[in-house]
Amino acid sequence: MPLHPTLGVSPAVATPYPDSPWVVLKFGGRSVSTAENWAIIAELIRDRLAEGVRPVVVHSALVGVSNALIALLDTAVAGGDTDEKLRKIRTQHDSLAKELKIAPALLDARFAVLEQVVAGVRLVGEVSPRVHARVLSFGELAATELGAAYLKSLGLDVAWLDIREYLECQTLRDQTERARYLSARCDFSADKELQRRFATIDGIVISQGFIARNAQGETVLLGRGGSDTSAAYLAGKLEARRLEIWTDAPGFFSADPKAVPSARLIKSLHYREAQEIASAGGGILHPRSISPVRASGIPLYLKCTTHPEWEGSTISNAQDDDQPPQLKAISHRSGITLVSMESMEMWHQVGFLADAFNVFREHGLSVDLISTSESNVTVSVDVTQNVADRAAIEALAADLRKLCKVTVIPDCAAITLVGRRIRTILHELGPVLEIFQEQKVHLVTQAANDLNLTFVVSSEHAYRLVQHLHGLLVNKFEGGVFGATWEQLTGGGAPAKAAPKPWWVKKKAQLLEIGSERDAAYVYDRDSIEGAIAALKSLRAVDSVFYAMKANPNREILKLVHERGLNFECVSPGEVARVLELFPSIDRKRILFTPNFAPRAEYEHALEQGVWVTLDNLFPLRQWGKSFKGKDVFVRIDTGQGRGHHEHVRTAGAHSKFGVPLFEIDELVELVAKAGARVVGFHAHTGSGVLDTDAWLDTGKQLLKLLERFPEVRYLDVGGGLGVPEKTGQAGLDLRALDARLAEVKQGCGDRQLWLEPGRFIVAQAGVLLARVTQTKGKGDVQYVGVATGMNSLIRPALYGAYHDIVNLTRLGKPATELVTVVGPICETGDRLGSDRLLPPAKENDVLLIANAGAYGYAMGSHYNLREPAEEILI
Numbered sequence: 015m016p017l018h019p020t021l022g023v024s025p026a027v028a029t030p031y032p033d034s035p036w037v038v039l040k041f042g043g044r045s046v047s048t049a050e051n052w053a054i055i056a057e058l059i060r061d062r063l064a065e066g067v068r069p070v071v072v073h074s075a076l077v078g079v080s081n082a083l084i085a086l087l088d089t090a091v092a093g094g095d096t097d098e099k100l101r102k103i104r105t106q107h108d109s110l111a112k113e114l115k116i117a118p119a120l121l122d123a124r125f126a127v128l129e130q131v132v133a134g135v136r137l138v139g140e141v142s143p144r145v146h147a148r149v150l151s152f153g154e155l156a157a158t159e160l161g162a163a164y165l166k167s168l169g170l171d172v173a174w175l176d177i178r179e180y181l182e183c184q185t186l187r188d189q190t191e192r193a194r195y196l197s198a199r200c201d202f203s204a205d206k207e208l209q210r211r212f213a214t215i216d217g218i219v220i221s222q223g224f225i226a227r228n229a230q231g232e233t234v235l236l237g238r239g240g241s242d243t244s245a246a247y248l249a250g251k252l253e254a255r256r257l258e259i260w261t262d263a264p265g266f267f268s269a270d271p272k273a274v275p276s277a278r279l280i281k282s283l284h285y286r287e288a289q290e291i292a293s294a295g296g297g298i299l300h301p302r303s304i305s306p307v308r309a310s311g312i313p314l315y316l317k318c319t320t321h322p323e324w325e326g327s328t329i330s331n332a333q334d335d336d337q338p339p340q341l342k343a344i345s346h347r348s349g350i351t352l353v354s355m356e357s358m359e360m361w362h363q364v365g366f367l368a369d370a371f372n373v374f375r376e377h378g379l380s381v382d383l384i385s386t387s388e389s390n391v392t393v394s395v396d397v398t399q400n401v402a403d404r405a406a407i408e409a410l411a412a413d414l415r416k417l418c419k420v421t422v423i424p425d426c427a428a429i430t431l432v433g434r435r436i437r438t439i440l441h442e443l444g445p446v447l448e449i450f451q452e453q454k455v456h457l458v459t460q461a462a463n464d465l466n467l468t469f470v471v472s473s474e475h476a477y478r479l480v481q482h483l484h485g486l487l488v489n490k491f492e493g494g495v496f497g498a499t500w501e502q503l504t505g506g507g508a509p510a511k512a513a514p515k516p517w518w519v520k521k522k523a524q525l526l527e528i529g530s531e532r533d534a535a536y537v538y539d540r541d542s543i544e545g546a547i548a549a550l551k552s553l554r555a556v557d558s559v560f561y562a563m564k565a566n567p568n569r570e571i572l573k574l575v576h577e578r579g580l581n582f583e584c585v586s587p588g589e590v591a592r593v594l595e596l597f598p599s600i601d602r603k604r605i606l607f608t609p610n611f612a613p614r615a616e617y618e619h620a621l622e623q624g625v626w627v628t629l630d631n632l633f634p635l636r637q638w639g640k641s642f643k644g645k646d647v648f649v650r651i652d653t654g655q656g657r658g659h660h661e662h663v664r665t666a667g668a669h670s671k672f673g674v675p676l677f678e679i680d681e682l683v684e685l686v687a688k689a690g691a692r693v694v695g696f697h698a699h700t701g702s703g704v705l706d707t708d709a710w711l712d713t714g715k716q717l718l719k720l721l722e723r724f725p726e727v728r729y730l731d732v733g734g735g736l737g738v739p740e741k742t743g744q745a746g747l748d749l750r751a752l753d754a755r756l757a758e759v760k761q762g763c764g765d766r767q768l769w770l771e772p773g774r775f776i777v778a779q780a781g782v783l784l785a786r787v788t789q790t791k792g793k794g795d796v797q798y799v800g801v802a803t804g805m806n807s808l809i810r811p812a813l814y815g816a817y818h819d820i821v822n823l824t825r826l827g828k829p830a831t832e833l834v835t836v837v838g839p840i841c842e843t844g845d846r847l848g849s850d851r852l853l854p855p856a857k858e859n860d861v862l863l864i865a866n867a868g869a870y871g872y873a874m875g876s877h878y879n880l881r882e883p884a885e886e887i888l889i
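Rendered as structure tokens:
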């Protein structure tokens, strides 16, 4: 019988087992966590039955349950109260049971066992890998019981199986105890005995992913993504007709759609290519799940549970090496630790690498990427895949140091270009290499199989780099095996339910009136600025907020900031002068002057004005000590770690020009005493666009450590850099969490004041850039929309790849059907305000709105090409 037109997976490729009765369907945690999704799953199963095959359903725990179980164990080990965590896990299952109209009592016995095991962990105060595996298996066992009961209630003939009776893991050489229980592996060759056992079972088979048993009958886990792997194991053993993986995305994309909404669906891949993308961090499919189906040639289909009508990705051996070179995807993978081994003794030394890698074997750690020279070998270890912690890496390094000098570089990310015959298109990737000009690249490798090119960088840079790389190479992902973009599939991506509409939606009519009268204008919303200020003033741990006015020195905005009681942080005499011009009677101690590599006269002038002056390095004290005699000064400290979305906005660390490094503190003490100055405040700022609230806690702790050396310090300024969402609906900075982190710093301050100095946070979302459409143009596969201003008004996208939402305000709410690149009139190829954006068709004189442009927009504008930047308006 033909498959359902919207729910079926049309077998587009040949299968080695066309007469097999079995089709394996795997569903992820999100797919099985709502009644709506279970209704879709039931239809998919009926569709398979109508096809004349026998479905084997494998699925994960409910979404979030595995993480909740880990948190439960952590609490139990610490001797904390586990009742609340147990209650939340139970409530989640009970709620789904009620939605499915199943009695929650079905899981009473299983929860009773879980409570007993957790009580035992609390008693002994530790959890072994064996107990860890047993507790985490609860999620899959409970979820599949609910699923089986629901399908039975619909009248389907269902057999629930405990997969541990059918899947036994292999005993592998050199596995650590932790890996044996938490990252086990099973044989996946055809198993006639398993096929016979399954043939005797009546009805639909439903069972668990993620878990198996060992030879002793104990529960083991198959590691992260283990449900995909379980399904692939069963497909291989059953010689299934096909394997279907159903999740919350329809397949592989040319990049992570969360980072790059313009990423395109990859409709078909060879097993080798899928393996590379998955191994490089493709996310949608676990790398281990490809080998079992590749070994027997079973086609694998990736589909979206909530949208079964969407085209998905098909993975098979249908493609061959005769196909032309092609870039398929840009992937990134975090959780990478690099181990660099250096020794002149290794040059021409027989057996050095064998000895070194034997140490990895003894510690049960596998190596991923390798880069070598005559005196250095650097390798990467995927900490997550190896189920390794910091202690395991330190133990490895200790043994390696018996052979050579060892440097461990934690918290790295691998960014990988995946495709076919990469070497033949290296000459086309010139712009890619330029992207890494401002990054510290720890390692570069090009695969021997010619399927990937990988760069290893610090983790904090990966997300932004992927966005930027995809923007440069977007024309590589056109036609052929590529389908719709994520934006096209989702209609632009609906914002989170709880997220309010941005202010500019409510004030559309007023903005269109402004836009119709001008080529371009920056428009700032007073209400939004006041809201941001109020949010900052609600931080109980903060004594004073200083507005970093370099973000936007507009006079009307400065007046509003002053009215609302904020102070001012200035980085130039011009900024100080503007504050004094607007507020001549202001208390000078409400102004903090923070220059960088400024001439002597600027420091002396600021001291004469009576404002706070910050010393950014030791040179002024060494060379101009007399200028600071008897003066109270701040010192900017480089805490050693820069943060933020791009090299240009990270303001700490060895590659930043800002601040006194910690290793110069002894000399700072001497120079301050020699000059006769008093250090009354510490200042530190690590970067811009930071969303991790631990950043300010780390900064504060570093400053607190210095107080013993500087007893006269009365103020601690932990900087700004508070991030704002880049896209509509994206989560912003958790101000409650920030207040809690700052409260920890405040506790160590005694009677000292704690200061914060945000700039962008106050004005970014309050500002938009309106630009009138001048021309549209098609050039090959690229569609351009030209507007009346460009990088002369907003240089952030060209300068450091900043992302700004762009909408056609004139046609707001109309279907977005065209992928376009928005460009300005400046004579530079880099004059792009946004690449590959999904917008309604634009016409001349339409008004485009570029969001989140209130900070570092007009302030960084120029008269390049002798074009005037957009004017400013406060509404």
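Letter 837 of the sequence shown, counting from 1, is numbered 851 in my numbering, and no numbers are missing. By construction, the Cβ of each residue, glycine as well, lies at the ideal position given by its N, Cα and C atoms. Because the structure is a prediction, the values reported are computed rather than measured.
With residue i as the anchor, note down where its beta strand (DSSP E) starts and where it stops.
i: R192; result: From DSSP, R192 is part of no beta strand (DSSP E) but of the alpha helix (DSSP H) over E191 to L196.
i: A852; result: As written in the sequence, residue 852 is Leu, which differs from the Ala given in the question. Where L852 is concerned, the enclosing beta strand (DSSP E) stretches over R846 to L853.
i: S354; result: Q340 to E356
Less than 7 Å between C-beta atoms, sequence neighbours within five positions excluded: which residues of the same chain meet that for residue i?
i: T438; result: P339
i: A226; result: I177, R178, L181, E182, C183, A198, C200, V234 and L236
i: R435; result: P339 and D464
i: D216; result: D171 and A173
i: G658; result: Model confidence at G658 stands at a pLDDT of 39, short of 50, so the residue's coordinates are unreliable and nothing is read from them.
i: L155; result: R124 and Q222
i: I298; result: T261, A263, G265, F266 and L316
I'd like the span of the alpha helix (DSSP H) that includes residue i, first residue to last.
i: T158; result: P143 to S167
i: G529; result: K522 to S530
i: T755; result: Inspection of the sequence shows that residue 755 is occupied by Arg rather than by Thr. Note, R755: alpha helix (DSSP H), L749 to Q761.
i: W500; result: W500 to T504
List the residues that DSSP assigns as beta-bridge partners of residue i.
i: D646; result: R692
i: P69; result: V37
i: T328; result: S282 and Y315
i: R786; result: V861
i: P675; result: D652
i: F560; result: N581
Take residue i and list the residues in its own chain whose beta-carbon comes closer than 6 Å to its own, dropping the five residues that flank it on each side.
i: G792; result: none
i: V480; result: A269, A273, I344 and H346
i: E886; result: Y536, N568 and Y872
i: G844; result: A812
i: S282; result: T328 and V495
Out of the options, which one is the CA nearest neighbour of residue i?
i: S305; options: S282, E323, I298 and I329; result: I329
i: E207; options: L572, K251, A427 and T499; result: K251
i: T608; options: S599, L594 and P587; result: P587
i: G827; options: L853, L503, H697 and L676; result: L853
i: V141; options: F582, E570 and L83; result: L83
i: A12; options: P772, D706 and R766; result: This structure leaves residue 12 out entirely; the chain is present only between 15 and 889.
i: L248; options: A757, P855 and W36; result: W36
i: R540; options: Q623, Y561 and G781; result: G781
i: Y538; options: K551, I547 and W518; result: W518
i: H73; options: T243, R650, Y195 and L87; result: T243
i: L749; options: T713, K688 and D708; result: D708
i: V70; options: R723, L120, I218 and P264; result: I218
i: G868; options: L808, E858 and P839; result: L808
i: A254; options: V307, R238, P275 and T261; result: V307
Once you ignore the five residues that flank residue i on each side, which residues in its own chain have a CB closer than 8 Å to its CB?
i: V861; result: L525, L526, G529, S530, L784, A785, R786, V787, N822, L823 and T824
i: V381; result: F371, F374, V393, S394 and V395
i: K112; result: P118
Threshold first: 3 residues or longer. Then list the beta strand (DSSP E) segments lying entirely within the region 567-618, N to C. 581-584 and 605-607
Scan the region 107-145 and note each continuous alpha helix (DSSP H) run of 4 residues or more that stays entirely inside, going in chain order. 122-138
Along the chain, which unbroken stretches of the alpha helix (DSSP H) at least 4 residues long are found entirely within the region 200-261? 206-213 and 240-252
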